[in-house]
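When you line the sequence shown up against this note's numbering, it's residues 3 to 204, in that order. In this text, a Cβ means the ideal position worked out from N, Cα and C, and glycines have one as well. The model shown is predicted, which means the values in this text are computed figures rather than measured ones.
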Amino acid sequence: MQFFTFALAALSVGSVLSAPTTTPTVPEPKVLTSAISAVSSSKSNVDTQVAIIKKFVDVTVNDAAIPALKSSLNNIASEIATATKFVVPLVTDVVLPLAEQELANVPGFVGNVKAIAADVEYTANLLLANLSKQTLLLVKTEVLLVLATIDPFVKPVAQFANAAVKGTSGPSTVVIGTTVATTQEISGRISGPITSAYNKLV
C-alpha cells in the first residue's frame, strides 16, 4: 500500500515536470504607432547628420574631413534603413479603415518621411555643387548608398497613405495626398537625375 502511494506521488510529479509550459502572449506594438515613432527618431538623427555635413561643406573640405563625411553619410543610410523596416509592414499589417485618431496622426508621419527624403536630396545636391570631382569620388560609394535607401523607404509609405485616405475627405486627406505626391517627386529626382549624376563620376 505504501509502495502504491509512493508510485502515485512519483507519477504525479513526473506529469507536472513533463507537462508543456506555455509562454504568455505579449501583445505586439501597433504597427502604425511603431512606424510613426521610428520615422520621427530617424528624422531627428538624419537632421543632425545633415547639419554636420553642411558644416564641413561650409569650410574647405580637406582630406581630414573625408572620414567624417563618410561617417555621417553612413549614419544617414543606416537611419533610413532602420526606419524602412518599420514602414514596410504598413502595407500588409495595418487594418483599414483607420480610426479617426489614427488618421489624424498620418499627416505628421508622411511629413517626416518627406522631410527625410528632402534632407537626402539637399545633401546630395550640396555635395555635388560644392565638392571637387576628386573629393566627390572619395565619398561616391557612401552617397550612392544613401540615395539607394529612399525608394524602398518612400514606396510603402505612399502605398499605405494612399490606401488610408481612400474614401475619406477633409483637411487631413488633402494634406496627406499633397505630401505623398511631393515625396514621390523628390524620390523620383533622387533615383533619377541625382543618382545618375553620381554614377557618372569616374
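- Contact between residue 48 and residue 78 holds: their C-beta atoms lie close to 5 Å from each other, under 8 Å.
- For the stretch 110 to 190, not one full-length beta strand (DSSP E) segment reaches 3 residues or more.
- Judged by DSSP secondary structure, residue 203 falls outside any alpha helix (DSSP H); it is assigned neither H nor E.
- Cβ-Cβ distances below 8 Å link residue 55 to 71, 74, 75, 125, 128, 129 in the same chain, with the five nearest sequence neighbours on each side left out; the list follows chain order.
- Here residue 97 is not near residue 158, since their CB atoms are 8 Å or more apart.
- DSSP places residue 62 in the coil class of the three-state scheme, outside both helix and strand.
- For residue 80, the enclosing alpha helix (DSSP H) stretches over residues 68 to 89.
- Between the alpha carbons of residue 196 and residue 35 lies a gap of roughly 32 Å.
- Scanning its chain for C-beta atoms nearer than 7 Å, with the 5 sequence neighbours on each side dropped, one finds around residue 120 the residues 188, in chain order.
- Assigned with DSSP and collapsed to three states, residue 34 falls in helix.
- Residue 93: member of the alpha helix (DSSP H) spanning 92 to 95, first to last residue.
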